[in-house]
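This report refers to the structure that appears directly beneath it.
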Amino acid sequence: RAAGAARASGAAAGAAGAGAAGTAAAGHATAADTSAPAGSAAAGTSVESTSAAGTSAGGSAAGTATGSASAAAVGSTARGAAASASRRDVHSERGIRHSKDRSDAFPAVVGWTSLGTLIPGLAMIRSGRSKKLGWFFLGFFLLGVLALVAVLLIKGPVKFAARFSTPQMLTMVAIALIVGALVWFFVILRSYAVMRRGHPFSAVQRVLGGVLVVSLLVIVGVPLGVGSAYAFVTGQTISKVFGKGDSGPVKDAAELWQDKPRVNVFLMGRDSSDTRQGTRPDTMLVASIDTHTGDATLFSIPRNLNHPLFKEGTKLAKEFPDGFNGGPGEEDSLINAVWDWTTENKQDVGDTHGLEKGMAATMQAVEGSTGLDIDYWASVNMKGFEDVLNAMGGVKIDVERPIPMGGGINQATGGKNSIFGWIDPGEQTLTGAKALWYVRSRDGSDNYDRMCRQQRMIKTALGQMNPQELALAYPKLAASATENVQTDIPQNQLQAFVELAGQMKGAKVKSAQINNQVTKTYRPDYTVLHSWVQEQINPSESSQKEDAQATTTASAKPTKSAAPTAAATTGAPAPGIEDADGKCYPTGYTPGSGWPGYPGNSSK
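In the UniProt record's numbering, the protein residues as written are 1 to 604.
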């Protein structure tokens, strides 16, 4: 037992020493080999110690490895935490930067998108993401603007607009506007997309951006769409209203009228309503226009001009050498009865080359009576006049006296038509129906007063025309024109007429009324009338005309027409002429007095 205890004690001591030695051996050298005591016990002890030391050294090495692994793990965890913290810092910085982008980038995107809409391609160039495409659109846009400016400077706006007066050109314009709108839409969408890229927006900014894009599309699309529609409608209207004429090339004014100093256009307002038999001209005008200056004289032909002459060389001139006489009645020999007469005597009119017999005969009567050669004609049904005034929203005018609606003689029965309404005197806004009666009413009045009111209404309406209102009503007006307007002006000469109309805007336009002070309309002296007409269009040549006419026969010898000038200097308006206030009154009427049958007479 003592030996076992000793061995156990020695083993413990050896183990302790071996542990220490093992630890030292792990760090430096094994001391057990140099300091072990002699003897079998010591040797055994040393062996056991060595064995224990090996065991202890292995355990110590394992412990050291485990510690190193743990330290590595701790280091890795620390590095991960540091990296995570670094990423959080980066995200935080990006968040701050994006927050600043939301506040700073949105106005820039809005501004450049809007500017890129106004000047196509600019936003794409600014973004740097679609530079080639942006330069293409910008270059195309600038070239187009420069070309337009050059054409306007060289040809002028009137001639430029006149180039688009044919149905073919207007159809091309309509198509071009639609294509242009689609291209512009692409420019807007692309500009917004490239400017927004890389800039995250808030929900509110995304909504506002969408509203911006839609607004820009509408701003661009609506005018181009409306313009395209109007161009198409205008082309269709021209095709239906204006004559085909010759199939030659389009001619401008300088080419068409190079050797023609004046062009005479016959304008007629007619009433062919269901309540009237046949067609009788209500208004007859001849516009004699200087093709070089645009100066014009507007002749009003009284519808009660008696026994009108027909143009020399026509079949009707041979039929009525002393003037027209279509029947036994007093009204059957007036110029406005010529149209109805032709409906029963078409064979006496002769060849009209496809023109309506009534129009051809009426034009020949105007030509023979005035001495003017008619180059073109245009007629407007009174329904078309009413449509225009309705589109304007009415005409504001100071009505000079009570104007009866209705009245006159019934052509079918010979009796008097009833008066179904009145236009009150004073400031009025006359819509289509009342405005029509303002220019047509003759009950208790005369043709000269009626002609005066017609010209007054035309001038007043022209002064009050609102382009915006007429533009909105344009499709309806165009449809009305196809039904109520007729003319023989060829389509390939429209460019010349557009140019002539442009000249007339800055030119002198004067009215010339054929009334009893020029010649007695119930027994007219047509030689005097011819001389007076020439004086109106060529005042500087009046003396030459008088000398030339002095060689005519005594029965046809004209007298100097000084009456219109004298009337103009007395201050008293001649029949059919506005007074100093621009109002029209029949002969013998006292302004401010009542009117027979007017219900308002009792209140005066």
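Every residue gets a Cβ at the ideal spot worked out from N, C-alpha and C, and that includes glycine.
> glutamate 400 and proline 596 look like a contact to me (Cβ under 8 Å); what is the Cβ gap, rounded to whole Å?
Replying inline: Not confirmed; about 16 Å, so no contact.
> Of all the options Ile514, Lys510, Ile537 and Met504, which has the alpha carbon lying nearest to the alpha carbon of leucine 529?
Replying inline: Ile514
>> Let me make sure I understand the geometry here. Which of Leu142, Val149, Ala229 and Lys155 has the alpha-carbon closest to that of alanine 181?
In response: Ala229
> Looking at the structure shown, is tyrosine 376 part of a helix, part of a strand, or coil, going by DSSP?
Replying inline: Per DSSP, reduced to three states, the secondary structure at tyrosine 376 is strand.
> Any idea what DSSP makes of alanine 296, helix, strand or coil?
Replying inline: strand
> Contact check, proline 302 vs threonine 521 under 8 Å by CB: the rounded distance?
Replying inline: 5 Å
> Going by Cα to Cα distance, which pick from Ile119, Lys159, Leu256 and Leu177 is closest to leucine 142?
Replying inline: Among Ile119, Lys159, Leu256 and Leu177, the Cα nearest to that of leucine 142 belongs to Ile119.
>> Distance check for glycine 354 and proline 586, CA to CA, integer angstroms please.
In response: Put simply, the backbone Cα of proline 586 is about 40 Å away from that of glycine 354.
> For leucine 138 versus glycine 121, is the C-beta spacing smaller than 7 Å?
Replying inline: Cβ distance < 7 Å, so leucine 138 and glycine 121 count as in contact.
> How long is the line joining the alpha carbons of valine 241 and valine 498, rounded to whole angstroms?
Replying inline: 16 Å
> Which partner residues does asparagine 381 have in the DSSP bridge list?
Replying inline: Arg270
> Beta carbon of glycine 408, beta carbon of aspartate 449: below 7 Å?
Replying inline: no
>> Relative to the C-alpha of valine 338, which candidate in Gln486, Met363, Val179 and Cys452 has its C-alpha closest?
In response: Met363
> Straight-line CA distance for methionine 392 to leucine 436?
Replying inline: 14 Å
> What do you reckon, are the CB atoms on tryptophan 225 and threonine 171 nearer than 7 Å?
Replying inline: Note that residue 225 corresponds to glycine in the displayed sequence, not to tryptophan. Their beta carbons are not under 7 Å apart, which means glycine 225 does not touch threonine 171 by this criterion.
>> Checking 7 Å against the spacing of the C-beta atoms, do asparagine 306 and serine 333 come in under that value?
In response: Yes; because the gap between Cβ atoms is below 7 Å, this pair is in contact.
>> Taking the straight line between their C-alpha atoms, what separation do you get for glycine 406 and tryptophan 422?
In response: 9 Å
> What are the boundary residues of the alpha helix (DSSP H) that threonine 429 is part of?
Replying inline: No alpha helix (DSSP H) holds threonine 429; the beta strand (DSSP E) holding it covers 426 to 430.
>> My output table needs one value for aspartate 387: the three-state DSSP class, helix, strand or coil.
In response: helix
>> Quick check on the DSSP output: the alpha helix (DSSP H) that includes threonine 487 runs from which residue to which?
In response: Counting along the chain, threonine 487 falls outside any alpha helix (DSSP H), though it belongs to the beta strand (DSSP E) covering 485 to 487.
>> Distance cutoff 7 Å, beta carbons only. Does lysine 357 sit that close to anything in chain D?
In response: You won't find chain D in this structure, because it holds only one protein chain.
>> I'd like to confirm the pairing. Which residues does DSSP put opposite threonine 283 in its beta bridges?
In response: Gly269
> Under a Cβ-count criterion, where at least 16 other Cβ atoms within 10 Å of its own Cβ denotes burial, should glycine 269 be classed as buried or exposed?
Replying inline: buried
> According to the Cβ coordinates, are serine 300 and leucine 285 closer than 7 Å?
Replying inline: yes
> Roughly how many angstroms lie between the CA atoms of glutamine 168 and glutamine 486, to the nearest whole one?
Replying inline: Here the alpha carbons of glutamine 486 and glutamine 168 stand approximately 20 Å from one another.
> What is the residue span of the beta strand (DSSP E) that isoleucine 397 lies within?
Replying inline: Bounds of the beta strand (DSSP E) holding isoleucine 397 are 395 to 399.
> Can you find a heavy atom of the ligand MN that lies under 6 Å from the Cβ of valine 145?
Replying inline: This structure lacks the ligand MN, and indeed carries no ligand of any kind.
> Nearest to proline 475 by alpha carbon, out of Ala433, Val233, Trp135 and Leu189?
Replying inline: Val233
>> Tell me the DSSP secondary structure of proline 490 in three-state form.
In response: strand
> Looking at the unbroken alpha helix (DSSP H) that takes in methionine 359, where does it start and where does it end?
Replying inline: 357 to 370
> Looking at the structure shown, is alanine 175 part of a helix, part of a strand, or coil, going by DSSP?
Replying inline: According to the sequence provided, residue 175 is isoleucine. The question's alanine does not apply to it. Note: isoleucine 175 maps to helix in three-state DSSP.
>> Can you look up glutamine 517 in the DSSP assignment and give me helix, strand or coil?
In response: coil
>> Less than 7 Å between the C-beta atoms of isoleucine 335 and alanine 360, yes or no?
In response: One thing to note: isoleucine 335 has its Cβ no nearer than 7 Å to the Cβ of alanine 360.
> When burial is assigned at 16 or more other CB atoms within 10 Å of the CB, is methionine 195 buried or exposed?
Replying inline: buried
>> Alpha carbons only, please: which of Val218, Thr519, Ile154 and Leu267 is nearest the one belonging to tryptophan 377?
In response: Leu267
>> What would DSSP say about proline 107, mapped onto helix, strand or coil?
In response: helix
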